[in-house]
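Report on one structure; see the data block that follows.
Residue numbers (UniProt numbering): 1 to 66.
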């Protein structure tokens, strides 16, 4: 039973997260030959204040790029 974990920054539309789950499931099914019913996908959304890139949070980087 494939179990896929994906970590993304929060803020995406629920429809996009649903699409991600669907498309990852289809891809894993195609590549591994696993039935879709056996595939699990866990999406973890991290607050942008808790995700750092190059020493700054995503939130701070967004503020500075405005």
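Note that the Cβ used here is the ideal one computed from N, Cα and C, for glycine as well. Note that the structure is a prediction, hence the values are computed from the model and not measured.
- Assignment of residue 26 by DSSP, reduced to helix, strand and coil, places it in the helix class.
- The residues 49, in chain order, have a CB closer than 6 Å to that of residue 57 in the same chain once the five nearest residues on each side in sequence are set aside.
- Only residues of its own chain outside the window of five on either side were considered, and among them 2 and 28 have a CB closer than 7 Å to the CB of residue 34, listed in chain order.
- At the C-beta level, residue 42 and residue 5 come within 8 Å of one another.
- Counting C-beta atoms within 10 angstroms of its own C-beta, residue 44 has fewer than 16 neighbours from the protein chains shown and is therefore classed as exposed.
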